[in-house]
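Visitor: Protein chains in written order, with my numbering: chain A, 1 to 220; chain B, 1001 to 1220.
Idealized CB from N, CA, C, for every residue including glycine.
My questions all concern the structure below.
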């Protein structure tokens, strides 16, 4: 039975639009009517998830409530970092597809025992816990690589999808592989705008792709 | 003062996502917070605008009401054909940006006295009236060209953005130019997914681009 998907978006805006396109691409469709109905709140003004955690949680809760009242039946949020504030969303009582849990599940299913994570500090902390729960070691970005990663994320948020940030993101993924990662999680929805599976020598598990596929499976 | 934009979408789904990306591309932004908040109802199950006009109008009215109640302050609908049923949307009392009127205005501003229109039969009828109001003659697709156009639109709705429909759409635009069009309106939101300004020998006025720009101007 088809369900209406509610999307808490805008973190960032380009990543949300790429996610919506991904959901459509993964939906078997011969025409408009075969697609999932999606109500998306693309809100780029959600308070900073790292610095104003409580305010962010309250805003996400309000967004979830409005999506529910507008007709959404299943919720998702294509932003890994903001899952630290997912409690506000869960309170509204709709099924919420957990991007961190689903991506960790998909990555661990490949059998890797050491998995690299390309994520913000907040997102990385969520993946560290989730991977540990699966008995998998996390390979992290550190020092200058961590700063370089955040520069790439901000480049996307500025609209720069050029070769500069792309090359940098490839280099960061290679750093994780060199440190022993047998798979790499693209654990920030800005990452796939710069990095594809063909850019990494080990399996790349894209959190946006995993989430999109689960959304299609649940709502189609 | 920033305003929340409500988007009545899904007609079709790919065109709506392309429109959302266009709004973002046209927004001057250094980071997430600079973007417009958008609440989009991407509803691919709106009843057929050509065959079930009354049902479509009722559904669009409900969508507009839900967007309003979810916090939208300005409404738009990136589907030209569905503007025939816009009365249902206008009833909810929010400002509604009229894609047909804005595109006609932009096209006529270029000074052309004969303008070609790439649109569905329903969309074409709306443009015929709007262009007449500006004292501009419309150049229409006819016969086999009309059927070929609808095949291109359905190709996009099936997810086919390949060279086949692209070449066909270029040919159709050229047909309008050969018939005297001094400018061409891409009057169906599927058209820009196949045809760019560089593909046409006269100015191409893309209704999706015009609408996106007006939305940025009004909501930013």
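Indicate whether at least one CB of chain B lies closer than 8 Å to the CB of residue 80/A.
Guide: Position 80 of the first chain, counted from the start, is the residue given in the question as residue 80/A. Taking Cβ atoms only, chain B never reaches closer than 8 Å to residue 80/A, which makes this a no.
Visitor: Could you round the C-beta distance between residue 1020/B and residue 1038/B to whole angstroms and report it? I think they count as a contact, below 8 Å.
Guide: What you label residue 1020/B is simply residue 20 of the second chain in a count that begins at 1. What you label residue 1038/B is simply residue 38 of the second chain in a count that begins at 1. Going by Cβ atoms, the distance from residue 1020/B to residue 1038/B rounds to 7 Å, so yes, they are a contact pair.
Visitor: Contact check, residue 1180/B vs residue 1134/B under 8 Å by CB: the rounded distance?
Guide: As a first step, residue 1180/B must be located in the second chain, where it is residue number 180. As a first step, residue 1134/B must be located in the second chain, where it is residue number 134. Their Cβ separation, rounded to whole angstroms, is 17 Å, which puts residue 1180/B and residue 1134/B out of contact at 8 Å.
Visitor: Let me know the secondary structure DSSP gives residue 187/A once reduced to three states.
Guide: Translated into positions along the first chain, residue 187/A becomes position 187. Three-state DSSP puts residue 187/A in coil, outside helix and strand.
Visitor: Which residues does DSSP list as the beta-bridge partners of residue 1115/B?
Guide: Translated into positions along the second chain, residue 1115/B becomes position 115. Partner(s): 1138/B, 1183/B.
Visitor: Taking residue 1183/B as the reference, which of 1071/B, 1015/B, 1147/B, 1173/B has the closest Cα?
Guide: Along the second chain, read from residue 1 onward, the residue named residue 1183/B stands at position 183. When only C-alpha atoms are compared, the closest one is 1173/B.
Visitor: Throw me the rounded Cβ distance for the residue 205/A and residue 107/A pair, which I believe falls under 8 Å.
Guide: Here residue 205/A refers to the residue found at position 205 when the first chain is read from its first residue. Here residue 107/A refers to the residue found at position 107 when the first chain is read from its first residue. The Cβ separation is near 4 Å, so the contact holds.
Visitor: Within the 8 Å Cβ cut-off, does residue 1260/B reach chain A?
Guide: There is no way to answer for residue 1260/B, as the model of chain B reaches only from 1001 to 1220.
Visitor: Output, in chain order, the set of chain A residues within a Cβ distance shorter than 7 Å of residue 1043/B.
Guide: In the second chain, the residue the question calls residue 1043/B occupies position 43. Those are 37, listed as they occur along chain A.
Visitor: Nearest chain A C-beta to residue 1150/B closer than 8 Å, yes or no?
Guide: Along the second chain, one-based indexing puts residue 1150/B at 150. Not closer than 8 Å to any Cβ of chain A, the Cβ of residue 1150/B fails to qualify, so no.
Visitor: From the DSSP output, which residues share a beta bridge with residue 1009/B?
Guide: Taking the second chain and counting its residues from 1, one reaches residue 1009/B at position 9. Paired residues: 1042/B.
Visitor: Does the count of Cβ pairs from the stretch 91-101 of chain A and the stretch 1004-1019 of chain B closer than 8 Å reach three?
Guide: The stretch 91-101 of chain A, when compared against the stretch 1004-1019 of chain B, does not touch it at the 8 Å Cβ threshold.
Visitor: Listing by chain order, which chain A residues have their CB less than 8 Å from the CB of residue 1109/B?
Guide: Mapped onto the second chain, residue 1109/B falls at position 109. Simply none; closest approach about 28 Å.
Visitor: For the beta strand (DSSP E) containing residue 1076/B, list its first residue and its last residue.
Guide: Taking the second chain and counting its residues from 1, the one referred to as residue 1076/B is at position 76. Unbroken beta strand (DSSP E) run through residue 1076/B: 1074-1076.
Visitor: What are the partner residues of residue 206/A, as DSSP defines its beta bridges?
Guide: Looking up residue 206/A in the first chain gives position 206. For residue 206/A, which the question treats as bridged, DSSP gives the partners 186/A.
Visitor: Using a Cβ-Cβ distance cut-off of 8 Å, determine whether residue 13/A contacts chain B.
Guide: Position 13 of the first chain, counted from the start, is the residue given in the question as residue 13/A. So, interface residue.
Visitor: For residue 1001/B, count neighbouring C-beta atoms within 10 Å of its own C-beta (all shown protein chains included) and say buried if the count is 16 or more, exposed if not.
Guide: Position 1 of the second chain, counted from the start, is the residue given in the question as residue 1001/B. Result: exposed.
Visitor: Mind listing which residues of the stretch 153-183 of chain A have their C-beta closer than 9 Å to chain B's C-betas, in chain order?
Guide: Those residues of the stretch 153-183 of chain A that come within reach of chain B (Cβ to Cβ, closer than 9 Å) are 154, 157, 158, 159.
Visitor: Flag residue 69/A as yes if its beta-carbon sits less than 8 Å from any beta-carbon of chain B, otherwise no.
Guide: As a working mapping, residue 69/A is identified with position 69 in the first chain. Taking Cβ atoms only, chain B reaches closer than 8 Å to residue 69/A, which makes this a yes.
Visitor: Is any beta-carbon of chain B found at less than 8 Å from that of residue 24/A?
Guide: For the purposes of this step, residue 24/A is taken as residue 24 along the first chain, with counting starting at 1. Answer yes: the Cβ-Cβ gap between residue 24/A and chain B drops below 8 Å somewhere.
Visitor: Measuring only between beta-carbons, confirm whether residue 1066/B sits less than 8 Å from chain A.
Guide: Mapped onto the second chain, residue 1066/B falls at position 66. Closer than 8 Å to some Cβ of chain A, the Cβ of residue 1066/B qualifies, so yes.
Visitor: Is the stretch 1164-1172 of chain B touching the stretch 40-51 of chain A, taking contact as three or more C-beta pairs under 8 Å?
Guide: With a cut-off of 8 Å, the stretch 40-51 of chain A and the stretch 1164-1172 of chain B do not count as touching, because too few Cβ pairs lie within range.
Visitor: List the residues that DSSP assigns as beta-bridge partners of residue 19/A.
Guide: Position 19 of the first chain, counted from the first residue, corresponds to residue 19/A. According to DSSP, residue 19/A bridges with nothing at all.
Visitor: Would you report the Cα separation of residue 216/A and residue 207/A, rounded to the nearest angstrom?
Guide: On the first chain, residue 216/A is found 216 positions in, with the first residue counted as 1. On the first chain, residue 207/A is found 207 positions in, with the first residue counted as 1. Computed Cα separation, rounded: 14 Å.
Visitor: Alpha carbons only, please: which of 1158/B, 1176/B, 1052/B is nearest the one belonging to residue 1122/B?
Guide: Along the second chain, one-based indexing puts residue 1122/B at 122. It is 1052/B whose Cα lies nearest to the Cα of residue 1122/B.
Visitor: Would you check if the distance between the CB atom of residue 175/A and the CB atom of residue 153/A is smaller than 8 Å?
Guide: The residue labelled residue 175/A in the question sits at position 175 within the first chain. The residue labelled residue 153/A in the question sits at position 153 within the first chain. For residue 175/A and residue 153/A, no; Cβs fall outside 8 Å.
Visitor: Using alpha carbons as the reference points, say which of 144/A, 12/A, 84/A, 128/A lies closest to residue 137/A.
Guide: As a working note, residue 137/A is residue 137 in the first chain. The residue with the shortest Cα to Cα distance from residue 137/A is 128/A.
Visitor: Is the beta carbon of residue 156/A sitting closer than 8 Å to the one on residue 12/A?
Guide: Taking the first residue of the first chain as position 1, residue 156/A is located at position 156. Taking the first residue of the first chain as position 1, residue 12/A is located at position 12. A contact, by the Cβ cut-off of 8 Å.
Visitor: Flag residue 1217/B as yes if its beta-carbon sits less than 8 Å from any beta-carbon of chain A, otherwise no.
Guide: Taking the first residue of the second chain as 1, we reach residue 1217/B at position 217. No - not a single Cβ of chain A is within 8 Å of the one on residue 1217/B.
Visitor: Starting from residue 54/A, trace the alpha helix (DSSP H) both ways and give me its first and last residue.
Guide: As a first step, residue 54/A is located in the first chain; it is residue number 54 there, counting from the start. Here the alpha helix (DSSP H) through residue 54/A covers 53-69.
Visitor: Among all the DSSP beta bridges, which residues are the ones paired with residue 1096/B?
Guide: Taking the first residue of the second chain as 1, we reach residue 1096/B at position 96. DSSP output for residue 1096/B lists 1075/B as bridge partner(s).
Visitor: In the DSSP assignment, the alpha helix (DSSP H) including residue 1158/B goes from what residue to what residue?
Guide: Taking the second chain and counting its residues from 1, the one referred to as residue 1158/B is at position 158. No alpha helix (DSSP H) holds residue 1158/B; DSSP gives it neither H nor E.
Visitor: On a Cα-Cα basis, can you pick out the residue from 1022/B, 1003/B, 1014/B, 1015/B that is closest to residue 159/A?
Guide: On the first chain, residue 159/A is found 159 positions in, with the first residue counted as 1. For residue 159/A, the nearest C-alpha among the options comes from 1022/B.
Visitor: In terms of alpha-carbon separation, which member of 1178/B, 1149/B, 1146/B, 1214/B lies closest to residue 1202/B?
Guide: The residue labelled residue 1202/B in the question sits at position 202 within the second chain. Comparing Cα-Cα distances from residue 1202/B to each of 1178/B, 1149/B, 1146/B, 1214/B, the minimum goes to 1178/B.
Visitor: Out of curiosity, what's the CA-to-CA distance linking residue 1026/B and residue 1197/B?
Guide: Your numbering for residue 1026/B matches position 26 in the second chain. Your numbering for residue 1197/B matches position 197 in the second chain. Going by the C-alpha atoms only, they are around 16 Å apart.
Visitor: How would you list, in chain order, the residues of chain B whose beta-carbon sits under 8 Å from the beta-carbon of residue 33/A?
Guide: Residue numbering aside, residue 33/A sits at position 33 when the first chain is read from its first letter. By Cβ distance, chain B contributes 1044, 1045.
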